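S.K.: Chains as they are written, first to last, in the numbering used here: chain A, 4 to 113; chain B, 23 to 134.
Let me begin by handing over the structure; questions about it come next.
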Amino acid sequence: NAGVTQTPKFQVLKTGQSMTLQCAQDMNHNSMYWYRQDPGMGLRLIYYSASEGTTDKGEVPNGYNVSRLNKREFSLRLESAAPSQTSVYFCASIWGQTQYFGPGTRLLVL
Amino acid sequence: QKEVEQNSGPLSVPEGAIASLNCTYSDRGSQSFFWYRQYSGKSPELIMFIYSNGDKEDGRFTAQLNKASQYVSLLIRDSQPSDSATYLCAVIGMDSSYKLIFGSGTRLLVRP
């Protein structure tokens, strides 16, 4: 099992460009999450999906959209990137009380 | 007031000592409490979690809850240099069983 995978690992964007961060899990988990992590801020929830076909906003959803394509995949889209979205993005899925994190995507917006 | 607060550190302890990490939470109805370890440049990994009904010990790690004072602690006995990392506290609030609220983390340095 690969667990939770994320692509790309690193991305540089210019202000105003769009991109989609991909996440997939092969553990048959129902719930999936997107977080961003900034220095000194801990992990902040952007969006989550409790089950296939449902998505809900987290703490910092502005500037992002998500798609739960199927049970395995949960993508995060930045329609018009801003420098404030420079961060490390983690995807996670949950089984019981345990969240499993992907390796992260480092995004730099110039 | 942040929902989950941690001292950013660094907390520096000598090898073999007990490291004590604390976090406070604001939601009195919180039921589940988690400790994650994150090495620099890596993703968080779960160390242990406890429910509101008791403490838990797992090897060198002990998680303790003080509900009256609304804080949870992680004790690491016989600290090793490999324990040097950032420790993230997280809480599931009463309003949702799906959302973890994370603290900003405490950096631990274990000196050889």
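Here a beta-carbon is modelled for each residue, glycine too, at the ideal position from N, C-alpha and C.
Since this is a predicted model, take the numbers as computed values, not measurements.
Does the Cβ of Q88 of chain A have 16 or more other Cβ atoms within 10 Å, making it buried, or fewer, making it exposed?
M.R.: Q88 of chain A is buried by the Cβ-count criterion.
S.K.: Considering Cα atoms alone, identify which of B:Q102, B:L97, B:S91 and B:Y109 is closest to S52 of chain B.
M.R.: Nearest option by C-alpha distance: B:S91.
S.K.: On the criterion of 16 or more Cβ atoms from any shown chain inside 10 Å, does W98 of chain A qualify as buried, or is it exposed?
M.R.: Result: exposed.
S.K.: If we ignore side chains and look at the alpha-carbon of each, how far apart do E25 of chain B and Q102 of chain A end up?
M.R.: Cα to Cα, the separation comes out at about 19 Å.
S.K.: With a cut-off of 8 Å, does the C-beta of F83 of chain B fall near any C-beta of chain D?
M.R.: Given the protein chain composition of this structure (A and B), no chain D is represented.
S.K.: DSSP on Q102 of chain A, reduced to helix/strand/coil?
M.R.: In the structure shown, Q102 of chain A sits in a strand (DSSP, three-state: E or B).
S.K.: Taking 7 Å as the cut-off, is the beta-carbon of R82 of chain B closer than that to any non-hydrogen atom of the ligand ADP?
M.R.: Of ligands this structure carries none, so the ligand ADP is not represented either.
S.K.: Specify, as a first and last residue, the run of the beta strand (DSSP E) that G45 of chain A falls within.
M.R.: G45 to S52 is the extent of the beta strand (DSSP E) around G45 of chain A.
S.K.: Is the shortest distance between the beta-carbon of A53 of chain A and the beta-carbons of chain B less than 8 Å?
M.R.: By this cut-off, A53 of chain A is an interface position.
S.K.: Which partner residues does R129 of chain B have in the DSSP bridge list?
M.R.: Looking at the DSSP assignment, R129 of chain B forms a beta bridge with B:T108.
S.K.: Kindly list the residues whose CB is nearer than 7 Å to the CB of P120 of chain B, restricted to its own chain and excluding five residues on each side of it in sequence; keep chain order.
M.R.: At residue 120 of chain B the sequence reads Tyr, which differs from the Pro that was named. Counting only Cβ-Cβ distances below 7 Å, and skipping sequence neighbours, we find nothing.
S.K.: Specify whether the region 8–17 of chain A and the region 62–78 of chain A touch according to this definition: at least 3 beta carbon pairs, one from each stretch, less than 8 Å apart.
M.R.: Output reads no: the region 62–78 of chain A does not touch the region 8–17 of chain A.
S.K.: From the DSSP output, which residues share a beta bridge with R50 of chain B?
M.R.: DSSP output for R50 of chain B lists no bridge partner at all.
S.K.: So, are the CB atoms of G115 of chain B and Q60 of chain B less than 8 Å apart?
M.R.: No, Cβ-Cβ distance for G115 of chain B and Q60 of chain B is not below 8 Å.
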